[in-house]
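Numbering (my numbering), first residue to last: 11 to 440. Here's the structure, in structure tokens; my notes come after.
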């Protein structure tokens with residue numbers, strides 16, 4: 011950690027041509043490291059910030075600072091043709107049901123998310139079904155085929171796991187293509203639109219919406235913010251926009267998710283000019299993707315605890331992924347997890363591929379979510395322990411979210427719960 015002196019780091023002159031994010035570094039403060047993508051420059055920007063920047067006809071570009079923590083953390087400077095603050099209407103946007111129900115009486119839960127996929131066409135934003143949530147994070151699910159409206163989340167960053175499908179996220183900073191196995195990380199308040207590939211399978215998405223920011227784990231970062239050699243991925247695995255994406259239009263509606271009166275609400279702001287009028291930008295805050303195929307699992311002689319599988323962190327929660335890997339090589343190893351009590355957290359596991367060894371016999375399968383709440387000791391199904399002995403590799407993929415405040419059940423969870431799961435360790439159906 012830095013102690014008592016400013017961070018003075020000279021960023022690279024420009025982003026690489028292939029669109030890879032060029033790293034993570036500390037953000038100008040003293041005594042702490044704030045992980046963020048390295049500087050990059052895209053499109054037409056002036057040589058000196060906060061100075062006149064005109065188009066070929068002499069019209070002044072409008073500079074916008076998009077920054078976190080006021081003026082004290084990650085930011086990018088955007089250069090608009092129009093005035094970014096010019097809005098002509100503000101109306102209520104009725105969000106999908108955001109009701110949360112406490113997990114009371116306390117019990118573990120099994121949710122079958124694939125049952126939430128409806129027959130009617132929907133889009134990746136308005137079609138989201140709220141599954142779990144608390145004051146720090148909300149987890150949803152949607153299977154979409156239609157383009158979304160223009161949208162920005164003003165409550166926090168979004169980290170969206172792509173269970174299936176492909177497409178592109180159009181953003182004010184450029185295009186971000188996505189595919190199966192991607193995490194799509196979208197900074198807070200960035201205007202964007204999801205466009206699923208109309209020729210392929212529907213986009214099955216698992217949005218994790220923070221109340222704050224999402225970044226790599228601090229323990230994998232140098233004091234300047236570079237991903238270290240023992241990190242399970244590196245900067246070349248992260249991919250962001252490579253060129254501007256321009257659109258024209260007037261009176262463009264943008265759905266904004268924000269907080270009012272202590273709850274999450276929606277507003278539709280109509281912009282006088284198109285929000286995708288950014289001719290160039292530079293800085294350290296922008297969207298990017300990371301695919302699980304590029305994650306290098308960390309294994310050991312005996313079973314390794316979940317923190318070795320961590321990929322991102324947010325305020326009061328972490329995101330991990332469990333992927334195909336060789337397992338423990340001690341001659342007496344028990345490859346499946348030991349029983350454990352989450353005394354400080356709730357654990358949410360989304361099973362996305364393969365055959366999850368520890369849950370055999372529980373009813374859990376692909377598309378399942380398990381919620382193991384704090385106060386409940388959980389672990390493998392009893393028959394799975396013996397069955398795992400001698401196994402050398404696991405062919406499983408799952409995304410885990412651990413929260414440090416209790417999670418409550420959204421309407422999506424209540425609509426797809428398997429009521430027998432809580433009693434499965436005892437071999438009973440009650």
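Virtual Cβ for every residue (Gly too), placed ideally from N, Cα, C.
I'd like the list of long-range same chain contacts for residue i, defined as Cβ closer than 8 Å, with 5 residues on each side in sequence excluded.
i	result
residue 345	313, 337, 338, 367, 398, 399, 401 and 404
residue 295	46, 47, 76, 77, 78, 84, 85, 86 and 197
Keeping to the same chain, check which residues put their C-beta closer than 7 Å to that of residue i; ignore five residues upstream and five downstream.
i	result
residue 281	96, 97, 262 and 264
residue 272	none
residue 64	70 and 71
residue 126	139, 151, 422, 425 and 426
residue 224	167, 169, 195, 322 and 324
residue 416	113, 144, 356, 383 and 384
residue 395	344 and 346
residue 122	377, 378, 426 and 428
residue 155	131, 206 and 212
residue 62	70
residue 100	277 and 279
Apart from the five residues on each side of it in sequence, which residues of its chain come closer than 6 Å, Cβ to Cβ, to residue i?
i	result
residue 203	158, 160 and 180
residue 124	377
residue 269	165
residue 301	191 and 192
residue 266	162, 164, 277 and 279
residue 363	407
residue 434	372
Evaluate residue i with the Cβ neighbour count: other Cβ atoms within 10 Å of its Cβ, from every protein chain shown; 16 or more gives buried, anything less gives exposed.
i	result
residue 350	exposed
residue 37	With a pLDDT of 36 at residue 37, under the threshold of 50, the modelled position of that residue is not reliable, and the figure given next carries that caveat. Flag for residue 37 reads buried.
residue 240	exposed
residue 213	buried
residue 365	exposed
residue 31	Below a pLDDT of 50, predicted positions are generally treated as unreliable, and residue 31, at 45, falls in that range; the measurement from the model is reported next regardless. Buried, because 16 or more other Cβ atoms sit within 10 Å of the Cβ of residue 31.
residue 318	exposed
residue 200	buried
residue 493	No answer is possible for residue 493: it lies beyond the span of the chain, which begins at 11 and ends at 440.
residue 353	exposed
residue 128	exposed
residue 220	buried
residue 284	buried
residue 299	buried
Report the partner residues of residue i according to the DSSP bridge assignment.
i	result
residue 353	Answer by DSSP bridge pairing: none, since residue 353 is not bridged.
residue 7	Lying outside 11 to 440, the shown extent of the chain, residue 7 is not represented and no answer is given.
residue 149	142 and 218
Confirm the yes/no value for this check: CB of residue i, any heavy atom of the ligand PLP, distance under 7 Å.
i	result
residue 387	Absence of the ligand PLP from the depicted structure is noted, as is the absence of any ligand whatsoever, leaving it without description.
- [ ] Check whether the region 382-389 touches the region 110-124, taking contact to mean three or more Cβ pairs, one atom from each stretch, closer than 8 Å.
- [x] yes
- [ ] Go through the region 174-205 residue by residue and report every complete run of the beta strand (DSSP E) that reaches 3 residues or more, in order.
- [x] 177-181, 184-188 and 192-196
TODO: Give, in chain order, every unbroken run of the beta strand (DSSP E) that is at least 3 residues long and sits entirely within the region 239-293.
DONE: 260-270, 273-283 and 288-293
Task: Sufficient close CB pairs (3 or more, under 8 Å) joining the region 183-191 to the region 138-147 - done: no
Task: Continuous beta strand (DSSP E) assignments of at least 3 residues falling wholly in the region 283-350 - done: 288-293, 298-301, 320-324 and 327-332
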